[in-house]
Amino acid sequence: MGVNKVSADGYWDNVWLKVPFCAVYWGRRLSADQVFRQIYGSASDWNDSNWKVPAFDDLVAKAAVELDNTKRTEMYYTCQEMIRKMAA
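For the sequence shown, counting from 1, position 44 maps to 43 in numbering that gives the first Met the number 0; every step adds exactly one.
Pasting the structure below:
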């Protein structure tokens, strides 16, 4: 297997969504909400897997406004489990 490292100035126009496989570093997201909405949200332009699950979107939206930290953490954990079980 060969790996081609592409600079950011050409990646989005020449590689992303144009080749059979590509990888991006998503590690610098500020919150679970941002990660879930941008990478896995049905309405997101960044959902390059086209994974669309309305129940997931609803749970992310509810978690984002949940004030109880324990409940919110459990909701985000459930979101992770949905991805693990359904997106693989």
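Beta carbons are placed, not taken as given, at the ideal position from N, Cα and C, and that holds for glycine.
Neighbourhood of residue i by C-beta, 6 angstroms cutoff - its chain only, sequence neighbours within 5 removed
i     : result
Gln37 : Ser43 and Trp45
Within 8 angstroms, strictly: CB atoms of residue i and residue j
i     : j     : result
Phe55 : Met74 : no
Ala86 : Ser48 : yes
Val59 : Cys78 : yes
Residue i classed as buried or exposed, judged by whether at least 16 other C-beta atoms fall within 10 angstroms
i     : result
Phe35 : buried
Gly9  : exposed
Span of the alpha helix (DSSP H) around residue i
i     : result
Lys70 : Asn68 to Met85
Gly9  : Ala7 to Asn13
Ala63 : Pro53 to Val64
Val34 : Ala31 to Val34
Backbone secondary structure at residue i - three-state DSSP
i     : result
Gly40 : coil
Cβ neighbours of residue i in the same chain (closer than 8 angstroms, five flanking residues each side left out)
i    : result
Val5 : Asn13 and Val14
CB contact below 8 angstroms: residue i versus chain D
i    : result
Ser6 : The structure shown contains no chain D; it holds only a single protein chain.
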